[in-house]
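**Q** Line order of the protein sequences matches chains A and B.
Heads up, the first sequence is in the working numbering, so the first residue is 3 and it goes up one at a time.
Heads up, the second sequence is in the working numbering, so the first residue is 3 and it goes up one at a time.
Number of protein chains: 2
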Amino acid sequence: MTILSNFYEDIEVGEHFELGAKTFDADYIKGFAVNYDPQAFHVDEEAAKKSHFGALCASGWQTISTWMRFYVDLNMADRAAKTERGEALPEIGVSPGIEQLKWKRPVYVGDEISYSEVVTAKRPLNSRPGWGLVTSDCLGHNQKGEMVLSFVSKSMVQMRSDSASQS
Amino acid sequence: MTILSNFYEDIEVGEHFELGAKTFDADYIKGFAVNYDPQAFHVDEEAAKKSHFGALCASGWQTISTWMRFYVDLNMADRAAKTERGEALPEIGVSPGIEQLKWKRPVYVGDEISYSEVVTAKRPLNSRPGWGLVTSDCLGHNQKGEMVLSFVSKSMVQMRSDSASQS
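Right, dumping it as structure tokens:
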């Protein structure tokens, strides 16, 4: 279950979603970096050894884009399952943005990153009847349990039409 | 010139860097989205027409990762030129993070996004002698001059060794 596959009323503050885990191998790290972040420590093992990172590590933009991939996959699977069960689905709202994006530790070759999301707040959107704003902490931890990534996401989430008509 | 190729003392608040421009074609948009954000409106023209976006558009994570690519390219070119001229180069510091990331408008097929950076503040880092913290607004505008992307970046920037030895 994800925020994007649920109506506003069905999301609870404190709810925790495990999104999935990805092992970052050298090909995966370089495959992103050659296109979007070709700094030596993201594309070249030997150069990376001499850098302040000490070894090849992933671009922070890949670490967070991989969070997105798990989030999207889980959401699409949830939406497909609900459609199959004949359940109503919320529209997908636009993202008002991201806050407090932090790369807390490097992600090195062989690190397995587990991605998760915790709902921290929700409120109805006065400016847009029938919709609410859901805030969540989005996290990545490595195989030692150390946090490597955190950011705060805000999502516009549709209310059930019966609720919306009352607002 | 970029923040990453300059010493702290040589960066001026108000300084504006043009990083470059990229036209987002359908292959570029889908090439990222299939790996990191395979929502229908980022990978499928027909499905995108029926979405709230109305047409195929880029993942916000690609819009910002492309900012990074221009930033890195310019930085690497600057550093190479300085090395060739025999000039001293600062170490590259880690990024403490990103704030206020906003995707203000969709980036559609054919949009040309111009990326830029404006230095908004700088201060010495008491916690790390010889280094300063530089804050900048990082922006993307489309060919109509509309802002599509903005975020606030903080960079740790090395001081010249003669300054560092005084701190």
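Cβ coordinates follow ideal geometry from the N, Cα and C atoms, glycine included.
Note that the structure is predicted; figures quoted are calculated from it, not measured.
#1: Quick one, which of G33(A), A57(A), N37(A), V36(A) has its alpha-carbon nearest F43(A)'s?
#2: Is there contact between the region 113-123 of chain B and the region 138-154 of chain B, where contact requires at least three CB pairs shorter than 8 Å?
#3: Shortest alpha-carbon distance to Y38(B) belongs to which of P40(A), F34(A), Q41(A), D39(A)?
#4: Measure the C-alpha to C-alpha separation of K76(A) and T25(B) and round it to an integer number of angstroms.
#5: Could you check which residue in W105(A), P126(A), E93(A), D46(A) has the C-alpha nearest to that of V111(A)?
#6: If you follow the alpha helix (DSSP H) that G1(A) is part of, which residue opens it and which one closes it?
#7: Is N8(B) close to chain A? Criterion is C-beta to C-beta, closer than 8 Å.
#8: When Cβ atoms are compared, which residues of the region 96-123 of chain B fall closer than 8 Å to chain A?
#9: Kindly indicate which three-state DSSP category A28(B) falls into: helix, strand or coil?
#10: Please list the terminal residues of the continuous alpha helix (DSSP H) segment that includes Y172(A).
#11: Within a Cβ cutoff of 7 Å, which residues of the same chain sit near G95(B), ignoring the five residues on either side of it in sequence?
#12: Please tell me whether I13(A) has its Cβ less than 8 Å away from any Cβ of chain B.
#13: Between the region 81-95 of chain A and the region 49-69 of chain A, do three or more beta carbon pairs fall short of 8 Å?
#14: Does the beta carbon of H143(A) come closer than 8 Å to any beta carbon on chain B?
#15: May I ask you to list the residues that DSSP assigns as paired with P131(B)?
#16: Is S152(A) near K84(A), with beta carbons less than 8 Å apart?
#17: Of all the CB atoms in chain A, is at least one closer than 8 Å to the CB of R81(B)?
#18: Among residues of its own chain, excluding the 5 on either side of A60(A), which ones have a beta-carbon nearer than 6 Å to its beta-carbon?
#19: Identify whether G142(A) lies in helix, strand or coil by the three-state DSSP scheme.
#20: On the criterion of 16 or more Cβ atoms from any shown chain inside 10 Å, does Q145(A) qualify as buried, or is it exposed?
#21: In this structure, how does DSSP classify I5(A) when only helix, strand and coil are distinguished?
#22: Once the 5 residues before and after E114(A) are set aside, which same chain residues still bring their CB inside 6 Å of it?
#23: If we define contact as Cβ-Cβ less than 8 Å, is N128(B) a contact residue for chain A?
**A** Let's see:
#1: Residue nearest to F43(A) within the set G33(A), A57(A), N37(A), V36(A) is A57(A) (criterion: CA-CA distance).
#2: Between the region 113-123 of chain B and the region 138-154 of chain B, the count of C-beta pairs closer than 8 Å reaches three or more; the two stretches touch.
#3: Measuring from the Cα of Y38(B), the nearest candidate turns out to be F34(A).
#4: According to the sequence displayed, residue 76(A) carries Leu and not Lys. Their Cα atoms are separated by approximately 31 Å.
#5: Of W105(A), P126(A), E93(A), D46(A), the residue nearest in Cα terms is D46(A).
#6: Chain A is shown only over 3 to 169; residue 1(A) falls outside these bounds and no answer can be derived.
#7: The C-beta of N8(B) comes no closer than 8 Å to any C-beta of chain A.
#8: Going along the region 96-123 of chain B in chain order, one finds V96, S97, P98, G99, I100, E101, Q102, L103, K104, W105 with a Cβ nearer than 8 Å to chain A.
#9: Three-state DSSP puts A28(B) in a helix.
#10: Past the boundaries of the shown model lies residue 172(A); chain A is included only from 3 to 169, so the question cannot be answered.
#11: The beta carbon of G95(B) is closer than 7 Å to those of W133, S157, M158, V159, Q160 in its chain, skipping five residues each way along the sequence.
#12: The beta-carbon of I13(A) is placed no less than 8 Å from the nearest beta-carbon of chain B.
#13: No, the region 81-95 of chain A is not in contact with the region 49-69 of chain A.
#14: For H143(A), the answer is no, since every Cβ of chain B falls outside 8 Å of its Cβ.
#15: Looking at the DSSP assignment, P131(B) forms no beta bridge with any residue, so it has no partner.
#16: Going by C-beta atoms, S152(A) is not nearer than 8 Å to K84(A).
#17: It does not: the Cβ of R81(B) has no partner Cβ on chain A nearer than 8 Å.
#18: Non-local C-beta neighbours of A60(A) in its own chain, meaning closer than 6 Å and more than five positions away in sequence, comprise F26, I31, V109, ordered along the chain.
#19: If DSSP states are grouped into helix, strand and coil, G142(A) belongs with the strands.
#20: Exposed: under 16 other Cβ atoms inside 10 Å.
#21: DSSP, reduced to helix, strand and coil, places I5(A) within a helical segment of the structure shown.
#22: Result list for E114(A): A23, T25, Q145, in chain order.
#23: So no, N128(B) is outside the interface.
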